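Written out below as structure tokens is the structure these notes cover.
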């Protein structure tokens with residue numbers, strides 16, 4: 010309209026220019042490696058692979074070291090150099106069969122077999138104490154002669170029986186909500202364990218008794234025993250241990266060899282000191298496989314209790330750290346299985362097996378390093394001895410079965426089954442028209 014000023018549209022103010030930001034920092038290779046390892050660590054099948062892989066590597070390396078550490082002793086006994094290796098290899102094959110059986114047997118059957126296994130272990134431990142049936146080795150009456158070169162140590166199977174029976178007992182009481190009462194937590198678990206300990210101590214094998222005590226405490230810890238109850242049982246065990254050590258000159262001598270650097274006037278610390286010599290002479294990478302000097306009669310029990318010392322001498326610090334890393338991986342995987350399951354029996358059984366293997370490895374390695382008294386227990390899956398290897402491999406099969414039963418692991422394994430791909434292909438074929446080829 011005339012006389013009216015034109016309407017001007019307001020101009021939008023210009024936005025101030027954004028400050029230039031520095032480009033995002035690229036992730037460092039170490040950070041990428043860490044993130045990738047963490048993702049792999051959190052996968053559902055990590056525990057399964059760790060248990061299977063670490064136990065397989067420990068057993069395989071143990072066979073190699075048994076052959077290397079025992080050949081000289083076999084020749085000194087006018088036996089073939091591979092005598093001890095062949096026996097250990099047969100035991101490993103039988104143990105692999107037990108491992109596969111333990112992997113495939115349902116959990117309900119494991120629970121049902123725990124009671125006959127415990128009864129059989131007690132019966133065999135009683136037979137050990139009968140003259141003419143039991144046999145003494147290195148001052149310990151804990152063997153049964155089977156004929157030929159074969160012997161059986163029932164106390165090794167008692168460890169497995171205690172784990173399975175104790176796990177089933179605590180699981181049933183947890184289902185009935187009885188573990189809140191201290192009498193149900195202790196009875197009959199502690200009395201039965203003390204019966205096993207008494208039968209073992211009649212033969213003088215305090216090393217195996219310590220392992221059984223560790224299994225008992227592991228089960229009580231997993232069951233949520235209160236601190237006062239736990240401390241009470243631990244105090245009783247400590248008092249009994251002190252009495253048993255004080256009343257035995259041999260055990261007192263072993264206790265006095267902790268940290269020894271000299272064999273002593275009567276060579277009472279000969280084995281402990283020469284174990285240190287073997288480790289010290291190995292250096293970082295060892296003297297070479299088969300090149301040990303201590304196994305030429307200087308170090309007693311080079312292929313059983315002190316095989317870790319020969320490993321350090323021939324494979325060096327790198328070899329011993331590798332063995333310790335494998336045991337650490339196995340222990341972590343066992344704890345992970347016990348912590349992620351919702352089945353109380355699986356939790357107690359996995360925790361008991363992990364306590365057993367870890368405690369025995371710590372006691373054996375600690376004795377070789379001079380940090381603990383020599384208890385005469387083998388290194389699990391590694392030392393020579395079929396009686397120790399068979400129940401341990403069965404226990405490893407249990408852990409593998411439990412790791413496979415995790416819901417996430419079961420789903421991941423199901424996706425890898427061949428029948429899934431076959432069914433998928435069948436569905437695709439059915440979806441095609443009849444004229445398509």
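In the working numbering, the protein residues as written are 10 to 446. Glycine included, each C-beta is placed from N, C-alpha and C at the ideal position. As the structure is a computational prediction, the values presented were derived from the model and not from experiment.
{"Check": "Under a CB-based cut-off of 7 Å, is residue 335 close to chain D?", "Outcome": "The structure shown has no chain D; it contains just one protein chain."}
{"Check": "Which word fits residue 189, buried or exposed, when buried means at least 16 other C-beta atoms lie within 10 angstroms of its C-beta?", "Outcome": "exposed"}
{"Check": "Mapping DSSP to helix, strand and coil, what is residue 145?", "Outcome": "strand"}
{"Check": "Just reading off the alpha helix (DSSP H) that residue 280 is part of, what are its end residues?", "Outcome": "279 to 291"}
{"Check": "My output table needs one value for residue 405: the three-state DSSP class, helix, strand or coil.", "Outcome": "helix"}
{"Check": "Return the Cβ separation of residue 134 and residue 208 in integer angstroms, given the expectation that the two are a contact with Cβ distance under 8 Å.", "Outcome": "4 Å"}
{"Check": "As a quick exercise: from 321, 115 and 343, pick the residue whose alpha carbon is nearest that of residue 286.", "Outcome": "321"}
{"Check": "Less than 7 Å between C-beta atoms, sequence neighbours within five positions excluded: which residues of the same chain meet that for residue 31?", "Outcome": "Its pLDDT being 46, under 50, residue 31 is placed unreliably in this model, and the value from its coordinates should be taken loosely. Nothing listed; no residue qualifies."}
{"Check": "With a Cβ-Cβ cutoff of 7 Å, do residue 171 and residue 232 count as a contact?", "Outcome": "no"}
{"Check": "Quick one: which unbroken alpha helix (DSSP H) runs of 4-plus residues sit fully inside the segment 263 to 351? Chain order, please.", "Outcome": "279 to 291 and 316 to 349"}
{"Check": "Buried or exposed: which applies to residue 363, given that a residue is buried once 16 or more other Cβ atoms fall within 10 Å of its Cβ?", "Outcome": "buried"}
{"Check": "Name, in chain order, the residues that DSSP records as bridge partners for residue 159.", "Outcome": "156"}
{"Check": "Should residue 74 be labelled buried (16 or more other beta-carbon atoms within 10 Å of its own) or exposed?", "Outcome": "buried"}
{"Check": "So, residue 56 versus residue 412, is the Cβ gap smaller than 7 Å?", "Outcome": "yes"}
{"Check": "Given this structure, state the Cα-to-Cα distance separating residue 402 from residue 103, to the nearest angstrom.", "Outcome": "9 Å"}
{"Check": "Quick one: what does DSSP say residue 33 is sitting in, helix, strand or coil?", "Outcome": "Residue placement at residue 33 is poorly supported in this model, since its pLDDT is 45, which falls under 50; the coordinates still yield a value, given next. It is coil, neither helix nor strand."}
{"Check": "Between 163, 137, 169 and 145, which has its C-alpha nearest residue 120's C-alpha?", "Outcome": "169"}
{"Check": "Could you round the C-beta distance between residue 227 and residue 198 to whole angstroms and report it? I think they count as a contact, below 8 Å.", "Outcome": "Between residue 198 and residue 227 the Cβ distance is about 12 Å, and since that is not below 8 Å, they are no contact."}
{"Check": "If you follow the alpha helix (DSSP H) that residue 416 is part of, which residue opens it and which one closes it?", "Outcome": "416 to 424"}
{"Check": "Just to confirm the assignment, what range does the alpha helix (DSSP H) spanning residue 102 have?", "Outcome": "92 to 113"}
{"Check": "Mapping the DSSP letters down to three states, classify residue 151 as helix, strand or coil.", "Outcome": "strand"}
{"Check": "By a C-beta neighbour count over all protein chains shown, 10 Å radius and 16 as the cutoff for buried, is residue 191 buried or exposed?", "Outcome": "exposed"}
{"Check": "Applying the criterion that 16 or more other CB atoms from any shown protein chain within 10 Å of the CB defines a buried residue, is residue 319 buried or exposed?", "Outcome": "buried"}
{"Check": "Assuming residue 212 and residue 307 make a contact with CB atoms under 8 Å, what is their CB distance in whole Å?", "Outcome": "So it is not a contact: roughly 28 Å between Cβ atoms."}
{"Check": "With distances taken between CB atoms, is the gap from residue 221 to residue 243 smaller than 7 Å?", "Outcome": "no"}
{"Check": "Return the CA-CA distance between residue 341 and residue 140, expressed in angstroms with no decimal places.", "Outcome": "43 Å"}
{"Check": "If you check the beta carbons only, do residue 423 and residue 223 fall under 7 Å apart?", "Outcome": "no"}
{"Check": "State buried or exposed for residue 236, treating a residue as buried only when at least 16 other CB atoms are found within 10 Å of its CB.", "Outcome": "exposed"}
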